[in-house]
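Here is the structure we will look at, set down as structure tokens.
There are 2 protein chains.
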Amino acid sequence: MLGAHNSFVLKGDIAFSEDLKNIKTIKDGYVVSLDGICMGAFDTLPKKYEELEVIDYKGSLIVPGMVDLHAHAPQYLCSGIATDNELLDWLNKYIFPEEAKYSDLEYAKKSYQNFANDMKRGFTTRASIFGTMHTDATILLMDLLEETGIVSYVGKVNMNRNSVDALTENSEDESLEETRRWLQSIEGKYTRTFPILTPRFIPSCSDGLMKGLGELSKEKGLRIQSHLSENVDEVKWVKELVPESTSYANAYELFNAIGEKTVPSIMAHCVYSDDEEIRIMKEHGTFIAHCADSNINLASGIAPIRRFLNEGLKVGIGSDVAAGSTLNMLRMILVTIQASKMYYRLVDSSLEPLTFEEAFYLATLGGGEYFGKVGTFKEGYAFDAVVISDENMAAKPDNVRQRLEKICYNDADAVILSKYVDGKNIFLRRET
Amino acid sequence: MLGAHNSFVLKGDIAFSEDLKNIKTIKDGYVVSLDGICMGAFDTLPKKYEELEVIDYKGSLIVPGMVDLHAHAPQYLCSGIATDNELLDWLNKYIFPEEAKYSDLEYAKKSYQNFANDMKRGFTTRASIFGTMHTDATILLMDLLEETGIVSYVGKVNMNRNSVDALTENSEDESLEETRRWLQSIEGKYTRTFPILTPRFIPSCSDGLMKGLGELSKEKGLRIQSHLSENVDEVKWVKELVPESTSYANAYELFNAIGEKTVPSIMAHCVYSDDEEIRIMKEHGTFIAHCADSNINLASGIAPIRRFLNEGLKVGIGSDVAAGSTLNMLRMILVTIQASKMYYRLVDSSLEPLTFEEAFYLATLGGGEYFGKVGTFKEGYAFDAVVISDENMAAKPDNVRQRLEKICYNDADAVILSKYVDGKNIFLRRET
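Protein chains in written order, with numbering that gives the first Met the number 0: chain A, 0 to 431; chain B, 0 to 431.
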């Protein structure tokens, strides 16, 4: 028999990125999962797959699962309610006090369950996520994410300075020891939830801690995620904290904490990344998590994504809740386009706005590459898919490409019917 | 018996603007409609209203209906699918050809029905709307809007130059005669749908046509809606077309087509309005329809709303579909805030971002003032209300004010249960 587990065909109106510039669409097409691997998308079902079960989603859109390269699970309650400050004040006023609550495992359990539920019912199939500095709460978060069926990197945060007392690790040693305890506790525990080293950002981590994490990354082949050049005051502060650095990215580089091509790091934001930072990120194969919604909400600015793409950097999209206001990746596509238009209009008219094709690519293949062959319906890619009904939309174009664009601008009318990760159905809308 | 028609009490979590800076909230409160007029919102129901039926929406949010000061009904199909050009190219490429189709009443009927349906099921209770140049299709639009129960101003568009042939009136006389035929045909026909004179914008109307519309406005006491200073190229063009004008607003002024305080006009956009335009709008009591979503989508720029508010100008919000991508007024509140943050960050850091309070005010009371005593739950205001369930929101704060903010950032989880205009229930969600 052809295929065993997770082998089937979805039928419907299919759309996926061929490359940065092109979206391929097939009306009433077929996309094939064989043992969780995509065998391609077709106008007519190839004979060799005729034995497989066909799940008919006629009239609905079928797109690759979306990838959220940057989100803070413990801040989720604060999303969309507390964006009246800029970064550093916002952290002190809202976020550090909220994250401090995660020393309480009961609180953590309830809050992380909300986060996991919304991840499960949303457009995201893969994500890279910050926990808090609390080892046990972070393990709880990983347990809950594993249950959702989503594939994720999750990090216990390291932070030993410049926070409130209740959210500061006592020493470099304690922070590193807790990190090792965390890694040991979860060894072999999960099939789709992976640890990632997570120094909060330079201002939160002493030189010795950053260096220790760099060594740990090397020792265990672990990836790193952090923040880079988000806010003007933050960038200035980093220069004061690491006076020998020639740029914020160089500060990570000095501590060997920015990864390498085979073990790539994720750096969120890069709003103020200059020539040197671009060079450093290119050299180290860094993935930029572009968080336009967050950067606007905290009035940080707008990252020059067109420039990064011209330079051949790797770019994905991060919701960055809770500075970002929602986990909804359709809205992230929209805000990414809108931010690029404002950058073009108000900052640099030589950098053309992103097209819909490009923003959709960033949300699927762009971030997907961080997870391997992920983010499109070409042969050999992981079978991650979301089936979306747009039947509530009254004024609906016929064209599949336009319908896809339209749901990004009107996400309240985009209803997820079903979601697959590695060919496994992890969400199915109940008919009410 | 107390009150007759449209007299009742809504119970739930109430929020409304007291003024530009303050939102009043009442958890488990009461808001009273007496003959369609709001009698106020209360912690406990006053004795004198105890006879009235109490409709219990415990746990749901109850807010004033929202006001959309600028939308193009015939463009609705194009919303969210065609924003890869700037204004003038976008009009020629997508919009004029689409509007030309409304000479066909069958097409108009189907399309306008979609628009009316979405208006009815959305957050909007009052609106000011553009039709096309076609008299009969515009009457059809008014018929359909009247049926929704929403209160609206609707305009047959005037345009006799600089469009495609199929969407150009043959002469000034024809345009003015058709306008009179339109006004005559609808005289006494509606109870909540009102005509408004609608010269498309200066580039579409010859001097004589603008002058004729100015005279008609005077003769019949009719209001005017149009566009002002949306796009750099447009502003330049207006200066060429009306060389004697000292500003775009002055061009309207020269033709007596910018209204007066007792018959105020709506001018959409005002992205590039300078000192002189501010003075002119103040003098004429003009309402600015701020269309942030549209202005970003077409890369027009961002209007300096903080400045307009500092100057005491009247400002409301317009969705401006189809350059705006949705009729969803919650998203318009969000984009209004986000646009103001980008203006602050990238254009002028002396103009502070709008607060949530201010943006909510603009979407309710700000635009509401155009319709009289509309847009809040104070005593004596029209009873326009929307009941919204946020129970799908997993990570939900307790605080009513924060819940209100959160649904604007996560509108896909804001489900309208019920909507009232002048105390009349015009939408009720069916339980499925």
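Backbone N, C-alpha and C fix where the C-beta goes; we use that ideal spot for every residue, glycine too.
Scan the stretch 345-356 of chain A for residues whose Cβ lies nearer than 7 Å to a Cβ of chain B and list them as they occur along the chain.
L345, V346, P352, T354
I'd like the ranges of any beta strand (DSSP E) spanning at least 3 consecutive residues and lying wholly in the stretch 26-75 of chain B.
36-41, 53-63, 65-71
Short check: CB of V31(B) to CB of L60(B), under 9 Å?
No, the Cβ-Cβ distance between V31(B) and L60(B) is not below 9 Å.
Closest by CA to G130(B), which one among Y75(B), Y271(B), S324(B)?
Of the listed residues, the one whose Cα sits closest to G130(B) is Y75(B).
Of all Cβ atoms in chain A, is any one closer than 9 Å to the Cβ of Q455(B)?
Look at the range of chain B in this structure, 0 to 431, and you will see that residue 455(B) is not part of it.
Please determine if the stretch 10-18 of chain B and the stretch 85-94 of chain A are in contact, where contact requires at least 3 C-beta pairs separated by less than 8 Å.
No: fewer than three Cβ pairs fall under 8 Å.
Could you tell me the distance, in whole angstroms, from the CA atom of Y465(B) to the CA atom of V237(B)?
Beyond the ends of chain B as shown, which are 0 and 431, falls residue 465(B); an answer cannot be given.
Mind listing the chain A neighbours of I295(B)? Cutoff is C-beta to C-beta under 8 Å, in chain order.
Residues of chain A whose Cβ lies closer than 8 Å to the Cβ of I295(B) are, in chain order, Q337, K340, M341.
Please state if the CB of Y48(A) and the CB of L1(A) are separated by a distance shorter than 9 Å.
yes
Beta-carbon of N116(A) versus every beta-carbon of chain B: anything under 9 Å?
Cβ-Cβ to chain B under 9 Å: yes for N116(A).
Return the chain-ordered list of same chain residues with a C-beta closer than 6 Å to the C-beta of S246(B), the five sequence neighbours on each side being excluded.
Excluding sequence neighbours, S246(B) sits near E275, E276.
The alpha helix (DSSP H) with G207(A) in it runs from where to where?
206-219
Listing by chain order, which chain B residues have their CB less than 8 Å from the CB of E404(A)?
G79, I80
Measure the alpha-carbon distance for L253(B) versus D27(B) and round it to whole angstroms.
Computed Cα separation, rounded: 53 Å.
Going by DSSP, name the residue or residues bridged to S417(B).
BP columns for S417(B) point to V386(B), L427(B).
Please identify, using Cβ separations under 7 Å, the residues of the stretch 370-399 of chain B that lie next to chain A, in order along the chain.
A393, A394, P396
Count the C-beta pairs between the stretch 116-125 of chain A and the stretch 373-391 of chain A that are closer than 8 Å, then say yes if the count reaches three, no if not.
yes
Tell me, to the nearest whole angstrom, how far the beta carbon of V153(A) is from that of P194(A); I am working on the premise that it is less than 8 Å.
7 Å
Could you pull out every residue in the same chain whose Cβ sits closer than 7 Å to the Cβ of G220(A), ignoring the five residues on either side in sequence?
These residues qualify, in order along the chain: V262.
Less than 9 Å between CB atoms is the rule here; does S110(A) satisfy it with respect to chain B?
Cβ-Cβ to chain B under 9 Å: yes for S110(A).
Tell me the DSSP bridge mates of Q401(A)?
None, per the DSSP bridge assignment.
Give the interface partners of T325(A) over in chain B, defined as CB-CB distance under 7 Å, in chain order.
Y408, N409
Please compile the residues from chain B whose C-beta is within a distance smaller than 9 Å of the C-beta of G300(A).
M341, R344, L345
Apart from the five residues just before and just after N432(A), which ones in its own chain have a Cβ nearer than 7 Å to its Cβ?
Here chain A covers residues 0 to 431 and nothing more, so residue 432(A) does not appear.
Going by DSSP in three states, L312(A) sits in which element: helix, strand or coil?
coil
Which first and last residues belong to the beta strand (DSSP E) in which P396(B) is found?
Note, P396(B): premise wrong, no beta strand (DSSP E); not H, not E.
Grab me the residues of A413(B)'s own chain with a C-beta within less than 7 Å of its C-beta, minus the 5 sequence neighbours each way, in chain order.
So the list reads L329, I387, D389, I406, once near-sequence residues are dropped.
Let me know if H289(A) comes out buried or exposed under the rule of 16 or more other beta-carbons within 10 Å of its beta-carbon.
buried
Check whether the Cβ atoms of A107(A) and G317(A) sit closer than 9 Å, and answer yes or no.
no
I want to see whether chain B comes within less than 9 Å of V262(A), judged by CB atoms only; does it?
no
Over the uninterrupted alpha helix (DSSP H) stretch that includes K340(B), give me the two end residues.
K340(B): member of the alpha helix (DSSP H) spanning 328-345, first to last residue.
So what does DSSP say about D103(B), is it helix, strand or coil?
Judged by DSSP in its simplified three-state form, D103(B) adopts coil rather than helix or strand.
Kindly indicate which three-state DSSP category F114(B) falls into: helix, strand or coil?
helix
Residues of the stretch 57-81 of chain A in Cβ contact with chain B at a cutoff of 9 Å, in chain order, please.
Y75, L76, C77, S78, G79, I80, A81
Which residues in the same chain have their Cβ closer than 6 Å to the Cβ of E404(B), if we skip the five residues on either side of it in sequence?
F355
Would R160(A) and P96(A) be called neighbours here (beta carbons separated by less than 9 Å)?
No, the Cβ-Cβ distance between R160(A) and P96(A) is not below 9 Å.
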